[in-house]
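Enquirer: Numbered according to the working numbering, the sequence shown spans residues 4 to 220.
Every residue, glycine too, gets a C-beta built ideally from N, C-alpha and C.
No experiment lies behind these values; they were computed from the predicted model shown.
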Amino acid sequence: MDKAKVIDKTIEFVKEELKNAESGHDWWHIYRVWKLSKHIAKDEKVNLFIVELGALLHDIADSKFHDGDETIGPKKARNFLQSLNVDEEIIDHIGKIIDNISFKGGSYVQNFKSLELGVVQDADRLDAMGAMGIARTFNYGGYINSPLHDPSIKSNLNMNKEEYKKGNSTTVNHFYEKLLLLKDRMNTETGRKIAEHRHEFMKQYLDEFYKEWEGKL
Numbered sequence: 004m005d006k007a008k009v010i011d012k013t014i015e016f017v018k019e020e021l022k023n024a025e026s027g028h029d030w031w032h033i034y035r036v037w038k039l040s041k042h043i044a045k046d047e048k049v050n051l052f053i054v055e056l057g058a059l060l061h062d063i064a065d066s067k068f069h070d071g072d073e074t075i076g077p078k079k080a081r082n083f084l085q086s087l088n089v090d091e092e093i094i095d096h097i098g099k100i101i102d103n104i105s106f107k108g109g110s111y112v113q114n115f116k117s118l119e120l121g122v123v124q125d126a127d128r129l130d131a132m133g134a135m136g137i138a139r140t141f142n143y144g145g146y147i148n149s150p151l152h153d154p155s156i157k158s159n160l161n162m163n164k165e166e167y168k169k170g171n172s173t174t175v176n177h178f179y180e181k182l183l184l185l186k187d188r189m190n191t192e193t194g195r196k197i198a199e200h201r202h203e204f205m206k207q208y209l210d211e212f213y214k215e216w217e218g219k220l
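#1: Hey, out of His200, Leu183, Ser149, Asn142, whose CA is closest to asparagine 161's CA?
#2: Smallest Cα separation from histidine 177: which of Lys157, Arg201, Arg81, Ala134?
#3: In the structure shown, what three-state DSSP assignment does glycine 76 receive?
#4: Around the C-beta of histidine 200, are 16 or more other C-beta atoms found within 10 angstroms, so that it is buried, or is it exposed?
#5: For the segment 193-212 against the segment 121-134, are there 3 or more C-beta pairs whose distance is under 8 Å?
#6: Is the beta carbon of leucine 185 less than 7 Å from the beta carbon of methionine 132?
#7: Using DSSP with H/G/I as helix, E/B as strand and the rest coil, what is glutamine 207?
#8: So serine 228 is in the alpha helix (DSSP H); what residue range does that whole segment cover?
#9: According to DSSP, is valine 36 part of a helix, a strand, or is it coil?
#10: Quick test of the definition: if touching needs 3 or more C-beta pairs under 8 Å, does the segment 45-60 touch the segment 5-16?
#11: Can you tell me which of the three DSSP states isoleucine 100 falls into?
#12: Is it true that the CB of isoleucine 94 sits closer than 7 Å to the CB of glycine 76?
#13: Where does asparagine 142 fall in DSSP's three states?
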């Protein structure tokens, strides 16, 4: 198995699969997570091949764009990797990364852990923070026609998986229901350092948002 060729073919596959995806979950999201994963992995004792494949395939079929079906992503990844004759043990690991990477509400506890998942999960969560996280949040909020902000709708910090999937909230509430929780859920030291900066940037943004919402200078 030529690992470099597998990575190249995986990139081609993902680009094609996500060519019409919502822009917060498109190839460029995958690209950023892939790059961040490789950066974080430098300081971790991980299988880099699994990290790269996990990063590239982690959102191959995000359940929120497939009527909540969480089985499609792992199936697509498995079928693709089998076509390249990737070892079954690696394929199983990639499937578990896809199954467990996502944030599913403040009260959700994932049922699988690995060093490789930890690296890819940190990279994915970092792309939901900072300037990029702000851009993606408002892009997706517009995509689903979520209210921008409504002071009468309070955020729910302890949603279970089903409540989180329904997403009956506002775009600004999403900061409190997910983005501002991510800093304390990093798996790696590198992820924690990057998250600190991005977390502070989001807090500064929200301070400015509320001033402007009330028409203050």
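Expert: Put simply:
#1: Position 158 of the sequence shown, counting from 1, holds the residue named residue 161. Considering only alpha carbons, the answer is Leu183.
#2: Against the sequence shown, residue 177 aligns to sequence position 174. The residue with the shortest Cα to Cα distance from histidine 177 is Lys157.
#3: Residue numbering aside, residue 76 sits at position 73 when the sequence shown is read from its first letter. Three-state DSSP puts glycine 76 in a helix.
#4: Numbered from 1 along the sequence shown, position 197 holds the residue referred to as residue 200. Its Cβ having fewer than 16 others within 10 Å, histidine 200 is exposed.
#5: As far as the Cβ criterion goes, the segment 193-212 touches the segment 121-134, which means the pair count is three or higher.
#6: Here residue 185 corresponds to residue number 182 of the sequence shown, with the count starting at 1. Here residue 132 corresponds to residue number 129 of the sequence shown, with the count starting at 1. Yes, they are a contact pair.
#7: Locating residue 207 in the sequence shown gives position 204, counting from the first residue. If DSSP states are grouped into helix, strand and coil, glutamine 207 belongs with the helices.
#8: No statement about residue 228 is possible, as the shown extent of the chain runs from 4 to 220 and does not include it.
#9: Here residue 36 refers to the residue found at position 33 of the sequence shown. Residue state, collapsed to three classes: helix.
#10: yes
#11: Against the sequence shown, residue 100 aligns to sequence position 97. Of the three classes helix, strand and coil, the one that applies to isoleucine 100 here is helix, per DSSP.
#12: Your numbering for residue 76 matches position 73 in the sequence shown. Your numbering for residue 94 matches position 91 in the sequence shown. Not a contact, by the Cβ cut-off of 7 Å.
#13: In the sequence shown, the residue the question calls residue 142 occupies position 139. Looking at asparagine 142 - three-state DSSP - the assignment turns out to be helix.
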